[in-house]
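Student: Encoded as structure tokens, here's the structure I'll be asking about.
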């Protein structure tokens, strides 16, 4: 007798799923209870739909949930393939809940879903079942593409891990592909069950990882982490921590931090790692032997950065605004974006008169920059030294290759020279932009020395003097010096200003500055003394 329209059309001898229900049930119940949105499930390899029906009955059982099935059904070119497709459609339809069948090979079907999910702000799946090809490489590819569709916290189930038909070490066995995939994503998942099936929970955010031409209006870098690079020595480990802590405080987007190691201790590295969130990553880059380091470290590090876009920040800044806004700037074909230098907006006599940027905040397109690095490094080696070294070199060589961004993204000289009139500053910022920085700067850059000289401190024509907030003389008059100190309290150096180490260091620095100032004074008047 033919089954009614309300009866499932399953082949009794092809039930390879029902014994898994007892394993799946508690995991699905826990997952269902943990999410407040309508669940979505994806399965690769549906056959007649036994597992998909179970998902519709127990997990995706609301009018706004969805089960998506990918299977090729022999591309409808065989009677068996057509029959399976008809049975699947019938069986899934009985539940009355939303479902979709993608009748393609898994690679094609998954890629199609990836393209669709790019434009879906609430996209992704909470449950993924991988039961397609038994070939190890096919299984690996299915897993990698499906991983990009899985939301954070999603369950991913691999079938046939202990399939007996082939040796487990064979490329014709899925275990080899599953193991390779799990190794690749080590640290990004938790294994919940291992037997004939392997069940893992994804612990990282969903990342599709690409766009298409049809999505050109979207931010190309929206799904990727922000790549932040900082150069830091032991002397700058503490202020570098403030850079990271302030960025984390105001930025929700995940960050991949690259710290150019200029002599950090193992303890300092651990302190810097602890400054960021669990979802962020920190990597350390060591310059090759023979590198000049110092002010040239930023330039020398560029060839070593394994990224396509990077936001390079000096270690003496304070981030006050979500960096995602800056990260998403369209470079319009330029190599990098930078803000004008407040002190020298039109350059200086050693390099000629030209729009002049401050290199403390640089958003760099590394894919374009790499093609120019060789000739730039040759230029650096051949040129004569100038006062601002690396910054001058970049301004001269890349004079037509940078995009100017608002000065609020690199506010220098606040409370000091930014408040002083000059014809260049008046011409460049004619609408009160510099005055507004004292309240609304998005990135504050503490320029000047850590420990200013006696001459600088006593210079009556330039008061308040320019210095950094953690030096012996502080940063008097700077509107954000106290804010910098507050952010410091969110790092492992939170008690720095109350420590004996700080007091001792500042006393020694002040003593050295005084002695140096006296010697400079004596040398200055040595030829003038008549007595």
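Residue numbers (this note's numbering): 97 to 627. Even for Gly, the Cβ is constructed at its ideal location relative to N, Cα and C.
(1) When the distance is taken between beta carbons, is residue 563 closer than 9 Å to residue 575?
(2) Determine, using beta carbons only, whether residue 387 and residue 353 come nearer to each other than 9 Å.
(3) Which residue wins for smallest C-alpha separation from residue 243, given the options 285, 399, 155?
(4) Inspect the CB distances between the segment 246-254 and the segment 212-227 and report whether three or more fall short of 8 Å.
(5) For residue 314, count neighbouring Cβ atoms within 10 angstroms of its own Cβ and tell me buried if that reaches 16, exposed if not.
(6) Going by DSSP, what residue range makes up the alpha helix (DSSP H) through residue 183?
(7) Buried or exposed, going by whether 16 or more other CB atoms sit within 10 Å of the CB of residue 496?
(8) State the start and end residues of the unbroken alpha helix (DSSP H) segment that holds residue 284.
(9) Here's the rule I'm using: 16 or more other beta-carbon atoms within 10 Å means buried, otherwise exposed. How should residue 269 be labelled?
(10) By alpha-carbon positions, which one of 403, 349, 499, 169 ends up nearest to residue 141?
(11) For residue 313, does the three-state DSSP call read helix, strand or coil?
(12) I'd like the list of long-range same chain contacts for residue 398, defined as Cβ closer than 7 Å, with 5 residues on each side in sequence excluded.
(13) To the nearest angstrom, how far is it from the Cα of residue 281 to the Cα of residue 148?
(14) Using the three-state DSSP reduction, which class does residue 338 fall into: helix, strand or coil?
(15) How is residue 222 classed by DSSP in three states: helix, strand or coil?
(16) Can you look up residue 306 in the DSSP assignment and give me helix, strand or coil?
(17) Could you check where the alpha helix (DSSP H) with residue 491 kicks off and where it finishes?
(18) In chain order, what residues of the same chain lie with their CB nearer than 8 Å to the CB of residue 432, ignoring the 5 residues before and after it?
(19) Do residue 119 and residue 249 have their C-beta atoms closer together than 9 Å?
(20) Whole beta strand (DSSP E) runs in the segment 329-383 with 3 or more residues, listed along the chain?
(21) Which residues mark the beginning and the end of the alpha helix (DSSP H) in which residue 127 is found?
(22) According to DSSP, residue 448 sits in a beta bridge with which residue or residues?
(23) Can you look up residue 610 in the DSSP assignment and give me helix, strand or coil?
(24) Please report the distance separating the alpha-carbon of residue 393 from that of residue 522.
(25) Over the uninterrupted beta strand (DSSP E) stretch that includes residue 249, give me the two end residues.
(26) How about residue 49 and residue 489: are their beta carbons less than 9 Å apart?
(27) Using the Cα positions of residue 487 and residue 301, report the straight-line distance between them to the nearest angstrom.
(28) Using a Cβ distance threshold of 8 Å, determine whether the segment 324-337 contacts the segment 403-422, with at least three qualifying pairs required.
(29) Report the residue from 440, 587, 221, 220 whose alpha carbon sits nearest the alpha carbon of residue 519.
(30) Could you give the first and the last residue of the continuous alpha helix (DSSP H) run that contains residue 169?
(31) Expressed to the nearest angstrom, what Euclidean distance is found between the alpha-carbon atoms of residue 139 and residue 172?
(32) Touching or not, the segment 527-547 and the segment 471-479, by the rule of three or more beta carbon pairs under 8 Å?
(33) What is the DSSP secondary structure of residue 290, reduced to helix, strand or coil?
(34) With a CB to CB cut of under 8 Å and the five nearest residues on each side skipped, what residues in its chain are close to residue 287?
(35) For my contact list, residue 77 and residue 136 are in at a C-beta cut-off of 8 Å; report their separation, rounded to the angstrom.
(36) Under 8 Å, with one C-beta from each stretch per pair, do the segment 362-379 and the segment 583-592 reach the 3-pair mark?
Tutor: Taking the structure as given:
(1) no
(2) no
(3) 285
(4) yes
(5) With a pLDDT of 48 at residue 314, under the threshold of 50, the modelled position of that residue is not reliable, and the figure given next carries that caveat. That one is exposed.
(6) 175-189
(7) exposed
(8) Residue 284 -> no alpha helix (DSSP H), and no H or E assigned at all.
(9) buried
(10) 169
(11) Here residue 313 scores only 46 on pLDDT, less than 50, and its place in the model should not be relied on; the value that follows carries that caveat. If DSSP states are grouped into helix, strand and coil, residue 313 belongs with coil.
(12) 465, 469
(13) 26 Å
(14) helix
(15) strand
(16) coil
(17) 485-493
(18) 458, 459, 460, 461, 465, 494, 497, 498, 499
(19) no
(20) 351-357, 377-382
(21) 117-130
(22) 444
(23) helix
(24) 33 Å
(25) 246-254
(26) With the chain running from 97 to 627 in the structure shown, residue 49 is simply not present.
(27) 37 Å
(28) yes
(29) 440
(30) Premise fails: residue 169 is in no alpha helix (DSSP H) and is neither H nor E.
(31) 19 Å
(32) no
(33) strand
(34) 278, 294, 295, 296
(35) Because the chain spans 97 through 627 in this model, residue 77 falls outside it and cannot be assessed.
(36) yes
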